[in-house]
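In what follows, a structure is listed as structure tokens, so that the remarks can point back to it.
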Amino acid sequence: MQRRTFLTLAPLAGASILGGCLPHPQTIRVAYHPWIGYETLLLASQFDWLPSTASLSRLGSSSTSLDHLRRGEADAAALTLDEVIRARLAGLDLVVVMVFDVSSGGDVVMVREGIDSIEDLAGKRIGVELGGVGEMLLDQVLARVDLDRDDVTVVDRAADQQMGTWRKGELDAMVSYEPIATRLRDAGARRLIDSRDFPDMIFDVLAVRRERLGAVDRVLTDVIRAHFRGLHHLQTNRQDAVYRIADAQHVTERVVAWSMAGILLPGIEANRNYLSRASRLFDAVHYMYPLFATEGEPPSPAEIETWVTGAYLPRELVT
Numbered sequence: 262m263q264r265r266t267f268l269t270l271a272p273l274a275g276a277s278i279l280g281g282c283l284p285h286p287q288t289i290r291v292a293y294h295p296w297i298g299y300e301t302l303l304l305a306s307q308f309d310w311l312p313s314t315a316s317l318s319r320l321g322s323s324s325t326s327l328d329h330l331r332r333g334e335a336d337a338a339a340l341t342l343d344e345v346i347r348a349r350l351a352g353l354d355l356v357v358v359m360v361f362d363v364s365s366g367g368d369v370v371m372v373r374e375g376i377d378s379i380e381d382l383a384g385k386r387i388g389v390e391l392g393g394v395g396e397m398l399l400d401q402v403l404a405r406v407d408l409d410r411d412d413v414t415v416v417d418r419a420a421d422q423q424m425g426t427w428r429k430g431e432l433d434a435m436v437s438y439e440p441i442a443t444r445l446r447d448a449g450a451r452r453l454i455d456s457r458d459f460p461d462m463i464f465d466v467l468a469v470r471r472e473r474l475g476a477v478d479r480v481l482t483d484v485i486r487a488h489f490r491g492l493h494h495l496q497t498n499r500q501d502a503v504y505r506i507a508d509a510q511h512v513t514e515r516v517v518a519w520s521m522a523g524i525l526l527p528g529i530e531a532n533r534n535y536l537s538r539a540s541r542l543f544d545a546v547h548y549m550y551p552l553f554a555t556e557g558e559p560p561s562p563a564e565i566e567t568w569v570t571g572a573y574l575p576r577e578l579v580t
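When you read off a place in the sequence shown, starting at 1, and then add 261, the result is the number in the numbering used here.
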């Protein structure tokens, strides 16, 4: 169960509308899964703002979305930036074309009583979902006080295991994210530090298979425009949007509100900045690549620039 896959116990069978056949030009197939930052696509679909040649597939997890990309059953997918980098290292040539959201408190280190500072984590057992952004956040937190993993005991705990492990008292701290963080708090944990202390590090993005870009350029821009219409509805008709998202995720509106409080949702101008050179998103790519690469020379700055583009952002928006 990877990052961004909470609430996948909701019935999603039959939700996919992707086909395995080769797509026609200017027909785009987009895979995503239930995560608050991606639900602008849900809103766009419900209000019929997507172009007729765009197909959405609401899947159970990011790993399933990546499987669709690898098999050629999806042209684009909503993923975290670290997932894009890992996919590229595995040979899947993806290009980031839009930023859905940036974590700003949604990723958090929760601790038991008696742990009052990062230094107090030394010698403690810390649960974290290895292979995801939680692992990256933990490294950043430890480095802030010159600790590393040798100074703590890291225990791999996927999101669906964290509450059970915490209740058993097996861990002193947990790296988690909303809404699980709130459930941990209700079980006695308290927040030590979160992604607000590490701004512009954890991104959720829309990534497209490079070989499909030329064939889907116009409809891709229309899909991105539909996302921004969904974002506008979320911002201007919050109650309606939260109700729709809660209904789709089979959770309460309160849970959706908790999740929204931990992310930033950049508009189109902020997207232009993130997707331009020398942005914090590029800084994040440069930081993460060495963490995941096991061999070979790191890519040059010029090569990394080809992994991200703002060329498909719409010039104008319709609200």
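Just so it is clear, CB atoms sit at the ideal spot from N, CA and C, and this is done for glycine as well.
Only residues of its own chain outside the window of five on either side were considered, and among them 370, 379, 454 have a CB closer than 7 angstroms to the CB of residue 402, listed in chain order.
In the same chain as residue 518, and ignoring 5 residues on each side of it, the C-beta atoms closer than 8 angstroms to its own belong to 503, in chain order. One thing to note: residue 480 has its Cβ no nearer than 8 angstroms to the Cβ of residue 301. In this structure, the CA atom of residue 461 is about 6 angstroms from the CA atom of residue 363. Counting only runs of at least 4 residues, the stretch 391-424 fully encloses the following alpha helix (DSSP H) elements, listed from N- to C-terminal order: 394-405. Per DSSP, reduced to three states, the secondary structure at residue 324 is helical. In this structure, 513 is the residue among 489, 316, 513 with its C-alpha nearest to the C-alpha of residue 500.
When the Cα atoms are used, residue 291 and residue 545 turn out to be separated by approximately 24 angstroms.
Beyond the five residues adjoining it in sequence on each side, residue 443 comes within less than 6 angstroms, by CB distance, of 519 in the same chain, given in chain order. Restricting attention to 309, 344, 311, the CA atom closest to the CA of residue 326 is found in 344. The C-alpha of residue 570 is placed about 13 angstroms away from the C-alpha of residue 563. Excluding five sequence positions before and after residue 483, the CB atoms of its chain that fall closer than 6 angstroms to its own CB belong to 312, given in chain order. The straight-line gap separating the alpha-carbon atoms of residue 549 and residue 396 is approximately 11 angstroms.
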